[in-house]
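There are 2 protein chains.
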Amino acid sequence: MTRRRVSNPLALAVLSCLSERPMHPYEISTTLRTRGKEQSIKLNYGSLYSVVESLQKHGLITSRETTREGRRPERTIYEITPEGVSEFEDWLAELLSRPVRDFTSLEAGLSLMGGLPPAEVTRLLEERTVALRIDIGAVESTQRVVADLGLPEIFAVEDQFRLAMLTAELRFVKDLAERIRAEKLGGTRLWRRIHELRGNGMSFEQIMADPVRHLGEEARAFLDPQKEDAPN
Amino acid sequence: MTRRRVSNPLALAVLSCLSERPMHPYEISTTLRTRGKEQSIKLNYGSLYSVVESLQKHGLITSRETTREGRRPERTIYEITPEGVSEFEDWLAELLSRPVRDFTSLEAGLSLMGGLPPAEVTRLLEERTVALRIDIGAVESTQRVVADLGLPEIFAVEDQFRLAMLTAELRFVKDLAERIRAEKLGGTRLWRRIHELRGNGMSFEQIMADPVRHLGEEARAFLDPQKEDAPN
DNA sequence: GTCCGAATACTCTGTTTCGAGTAATCGAGA
DNA sequence: TCTCGATTACTCGAAACAGAGTATTCGGAC
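From first to last, the protein sequence lines are chains P and D. Residues in the first sequence are numbered from 1 upward in steps of one, following our numbering. Residues in the second sequence are numbered from 1001 upward in steps of one, following our numbering.
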């Protein structure tokens, strides 16, 4: 059992919409879209309909009526139940108050970056800073649009958050690229040397069989405890 | 077709391990675990075995031999293919150089926070700051351990990144809680008023039927363009 | 009037993912 | 020597997800 009966965040968005008024699924999707929530919560049709069904199965929403206009497909209108309301509030409270491990793609990349040579990693990170500046510019301009229209800030807090995160990421990435380039990041020399040797046809296993010989004194950290220790 | 034949980041981690030397799946899992990569890349057995199978199906790895010791289950040892190597390098390069939209849970929460009254949101966010400080302390102490053991920094860049992100999040959350509390966040009064009215039994629809009347002049933004506009 | 593209409102099917379950072996302590 | 919990090494079925596909209708241009 995964803590929540329905765990997809899209379900929370559905509950949020239905706590305003009853709607049919497609209307939920357009509502979320026009409010820009699909920027913050992944929305696709397949998931939407199965999430709605699952919410119904668990008694968090109920179908109120099924109408059809002309020969259009049927629209089933759903409304939230009292249990749905408390699930919504409880879930939202948890999301806001409890940090959880989100696996971001950059973190995955950084944790394996040893697989590429340092010179290439700096180049790639610098490429990233360019893209990040563009993304930041885009978020800033939507912020400006919101301000100009006189819309209250609360409707765009998630963008303010995104902006804060993107800015922090840019700062980190820029700094990291510089540290690698200047060999100020501990272990960079080792890292470069390993890739040079592999480029000359030596295998990782051969290098690690006698690291100090192939990589120099710096590599002594590799054999201290009991031979094998954290390469990548 | 989803860009990559196998899209789970765990597959990248598998390729990373196998580009050092051939291993069997369980060994991959323990390797990733002892190196602390499961902090950055979600690892569970079910996914591991299906990802390995899928990598094999696409020719990125091949099974080299199947051994069995005593009556233990068989162990199939896999090795990476040349196509696997280039997929690994290409994928890693993409991860490092191209920002992608990761949907974080806090962003989802913030985008729907209008569903709870402002006073509660500030309380929850302040609760979060406490938890964040603890998380930050934990990462800092692992960083210190790495430094004390004399291990090169590269083996823990992902933690440095995590630290940067957590710190930025803390700053943002702390500031946001203060802004709401001080009503410096545009729209806070409106937001509180809506929850007061709903607490007195008025429905969201009734409020929105004549927002200016129920909420005051500030609510004029709600009806300007064509009646309906971004509530939550 | 009609043609075409956009919008409406889903449905369907093949993957992926999850995580509990299983079954054997090893090692430390009683 | 026996036992019991940890470790090794996976397997399996149910649930969730993705996103292409379908069928209808609407509105504007020509």
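Glycine included, each C-beta is placed from N, C-alpha and C at the ideal position.
Beta bridge counterpart(s) of R1075 (chain D) as assigned by DSSP: Against the second sequence, residue 1075 (chain D) aligns to sequence position 75. Paired residue(s): D:T1067.
Output, in sequence order along the chain, the residues in the stretch 1194-1210 of chain D whose CB is closer than 7 Å to any CB in chain P. Flagged, chain order: F1204 and E1205.
Between S19 (chain P) and chain D, is there a C-beta pair that is closer than 8 Å? To locate residue 19 (chain P), count along the first sequence from 1; it is residue 19. Chain D, which has a Cβ nearer than 8 Å to the Cβ of S19 (chain P), makes this yes.
So P260 (chain P) and H195 (chain P) are supposed to be a Cβ contact under 8 Å. How far apart are they, rounded? Only positions 1 to 232 of chain P appear in this structure, which leaves residue 260 (chain P) out of reach.
Residues of the stretch 1030-1058 of chain D in Cβ contact with chain P at a cutoff of 7 Å, in chain order, please. So the close ones are R1035, K1037, S1040, I1041 and K1042.
7 Å Cβ cut-off: residues of chain D touching L110 (chain P): Here residue 110 (chain P) corresponds to residue number 110 of the first sequence, with the count starting at 1. The CB of L110 (chain P) comes closer than 7 Å to the CB of V1157, E1158 and F1161 in chain D, given here in chain order.
Shortest alpha-carbon distance to V1212 (chain D) belongs to which of D:F1204, D:F1222 and D:E1205? Within the second sequence, numbered from 1, the residue matching residue 1212 (chain D) stands at position 212. Measuring from the Cα of V1212 (chain D), the nearest candidate turns out to be D:F1222.
Are I41 (chain P) and A1108 (chain D) touching if we call contact CB-CB under 8 Å? Looking up residue 41 (chain P) in the first sequence gives position 41. Looking up residue 1108 (chain D) in the second sequence gives position 108. Yes.
I80 (chain P) (DSSP reduced to helix, strand or coil): In the first sequence, residue 80 (chain P) corresponds to position 80, counting from 1. Looking at I80 (chain P) - three-state DSSP - the assignment turns out to be strand.
Between P:T104, P:V173, P:T62 and P:E38, which has its C-alpha nearest S19 (chain P)'s C-alpha? Locating residue 19 (chain P) in the first sequence gives position 19, where the first residue counts as 1. Taking only the C-alpha atoms, the option nearest S19 (chain P) is P:T62.
Please return the same chain residues whose Cβ sits closer than 6 Å to the Cβ of I1136 (chain D), not counting the five positions on each side in sequence. Translated into positions along the second sequence, residue 1136 (chain D) becomes position 136. Result list for I1136 (chain D): L1166, in chain order.
So D1102 (chain D) and D90 (chain P) are supposed to be a Cβ contact under 8 Å. How far apart are they, rounded? Your numbering for residue 1102 (chain D) matches position 102 in the second sequence. Your numbering for residue 90 (chain P) matches position 90 in the first sequence. A Cβ-Cβ separation of about 25 Å leaves D1102 (chain D) out of contact with D90 (chain P) under the 8 Å criterion.
Which complete alpha helix (DSSP H) runs does the stretch 112-184 of chain P hold, if anything under 4 residues is left out? 118-148 and 157-181
Helix, strand or coil for M1023 (chain D), going by three-state DSSP, please let me know. Residue mapping note: residue 1023 (chain D) aligns to position 23 of the second sequence, counting from 1. Three-state DSSP puts M1023 (chain D) in a strand.
Residue of P:G199, P:A147 and P:G84 minimising C-alpha distance to V14 (chain P): Position 14 of the first sequence, counting from 1, holds the residue named residue 14 (chain P). It is P:G84 whose Cα lies nearest to the Cα of V14 (chain P).
Interface residues of the stretch 1091-1115 of chain D facing chain P [CB-CB below 8 Å]: For the stretch 1091-1115 of chain D, the beta-carbon criterion of a distance under 8 Å to any beta-carbon of chain P is satisfied by L1092, A1093, L1095, L1096, S1097, R1098, P1099, V1100, R1101, D1102, F1103, T1104, S1105, L1106, E1107, A1108, G1109, L1110, S1111, L1112, M1113, G1114 and G1115.
Is any beta-carbon of chain D found at less than 8 Å from that of A221 (chain P)? Translated into the one-based positions of the first sequence, residue 221 (chain P) becomes position 221. For A221 (chain P), the answer is yes, since a Cβ of chain D falls inside 8 Å of its Cβ.
If you draw a straight line from the alpha carbon of L10 (chain P) to that of G187 (chain P), how long is it in whole angstroms? Here the question's residue 10 (chain P) lines up with position 10 in the first sequence. Here the question's residue 187 (chain P) lines up with position 187 in the first sequence. In a straight line, the C-alpha of L10 (chain P) is about 43 Å away from that of G187 (chain P).
As assigned by DSSP and simplified to three states, the class of T62 (chain P): Sequence index remark: in the first sequence, residue 62 (chain P) carries index 62 (1-based). Strand at T62 (chain P).
What does A1164 (chain D) touch in chain P if you count any residue whose Cβ is under 7 Å from its own? Counted from its first residue, the second sequence places residue 1164 (chain D) at position 164. Near A1164 (chain D) (Cβ distances below 7 Å), the residues of chain P are A168 and F172.
Alpha-carbon spacing of L1092 (chain D) relative to A119 (chain P), whole angstroms: Here residue 1092 (chain D) corresponds to residue number 92 of the second sequence, with the count starting at 1. Here residue 119 (chain P) corresponds to residue number 119 of the first sequence, with the count starting at 1. Approximately 14 Å, taken between the alpha carbons.
I80 (chain P) burial status per 10 Å Cβ neighbour count (16 or more: buried): Locating residue 80 (chain P) in the first sequence gives position 80, where the first residue counts as 1. Classification of I80 (chain P): buried, given that the 10 Å Cβ count is 16 or more.
Check whether L1149 (chain D) and P99 (chain P) have beta carbons under 8 Å apart: Position 149 of the second sequence, counted from the first residue, corresponds to residue 1149 (chain D). Position 99 of the first sequence, counted from the first residue, corresponds to residue 99 (chain P). The answer is no: Cβ separation not under 8 Å.
V1121 (chain D) touches chain P at which residues, Cβ-Cβ below 7 Å? Position 121 of the second sequence, counted from the first residue, corresponds to residue 1121 (chain D). Here the neighbours are L96.
Start-to-end residues for the alpha helix (DSSP H) that takes in I1207 (chain D): Residue 1207 (chain D) sits at position 207 when you count from the first residue of the second sequence. Where I1207 (chain D) is concerned, the enclosing alpha helix (DSSP H) starts and stops at F1204 to A1209.
Boundaries (first-last residue) of the alpha helix (DSSP H) holding I194 (chain P): If you number the first sequence from 1, residue 194 (chain P) lands on position 194. Start and end: T188 to G199.
What's the call for S1016 (chain D), buried or exposed, on a 16-neighbour Cβ count within 10 Å? Numbered from 1 along the second sequence, position 16 holds the residue referred to as residue 1016 (chain D). By the neighbour-count rule (16 or more Cβ atoms within 10 Å), S1016 (chain D) is buried.
Residues of the stretch 129-151 of chain P with Cβ closer than 8 Å to any Cβ of chain D, in chain order: A131, L132, D135, L149, G150 and L151
Strictly under 8 Å for the Cβ-Cβ distance: is S1086 (chain D) near chain P by that measure? Along the second sequence, read from residue 1 onward, the residue named residue 1086 (chain D) stands at position 86. Interface criterion not met: the Cβ of S1086 (chain D) is under 8 Å from no Cβ in chain P.
Would you kindly work out how many angstroms separate the C-alpha atoms of D224 (chain P) and F1088 (chain D), rounded to a whole number? Position 224 of the first sequence, counted from the first residue, corresponds to residue 224 (chain P). Position 88 of the second sequence, counted from the first residue, corresponds to residue 1088 (chain D). Any reading at D224 (chain P) must be qualified, since the residue scores a pLDDT of 49, below 50, and its modelled position is unreliable; no value is offered.
Taking only beta-carbon positions, decide if G1187 (chain D) is within less than 8 Å of chain P. Locating residue 1187 (chain D) in the second sequence gives position 187, counting from the first residue. Yes, its Cβ sits closer than 8 Å to a Cβ of chain P.
Taking Cβ positions, are L1110 (chain D) and F161 (chain P) nearer each other than 8 Å? Residue 1110 (chain D) sits at position 110 when you count from the first residue of the second sequence. Residue 161 (chain P) sits at position 161 when you count from the first residue of the first sequence. Yes, Cβ-Cβ distance for L1110 (chain D) and F161 (chain P) is below 8 Å.
So the alpha helix (DSSP H) A219 (chain P) belongs to, where does it begin and stop? Stepping through the first sequence from its first residue, residue 219 (chain P) is reached at position 219. Per DSSP, A219 (chain P) belongs to no alpha helix (DSSP H) and is neither H nor E.
Along the alpha helix (DSSP H) that carries P9 (chain P), what are the first and last residues, could you check? The sequence position of residue 9 (chain P) within the first sequence is 9, counting from 1. First-last of the alpha helix (DSSP H) with P9 (chain P): P9 to L18.
Classify E51 (chain P) as helix, strand or coil using the three-state DSSP reduction. Reading the first sequence from its first residue, position 51 is the one you call residue 51 (chain P). Residue identity differs from the one stated: residue 51 (chain P) is Val in this sequence, not Glu. Of the three classes helix, strand and coil, the one that applies to V51 (chain P) here is helix, per DSSP.
Have a look at P:V6, P:N8, P:Q206 and P:R123 and flag the residue whose alpha-carbon is nearest the alpha-carbon of R179 (chain P). Numbered from 1 along the first sequence, position 179 holds the residue referred to as residue 179 (chain P). If we check each option's Cα against that of R179 (chain P), P:R123 comes out closest.
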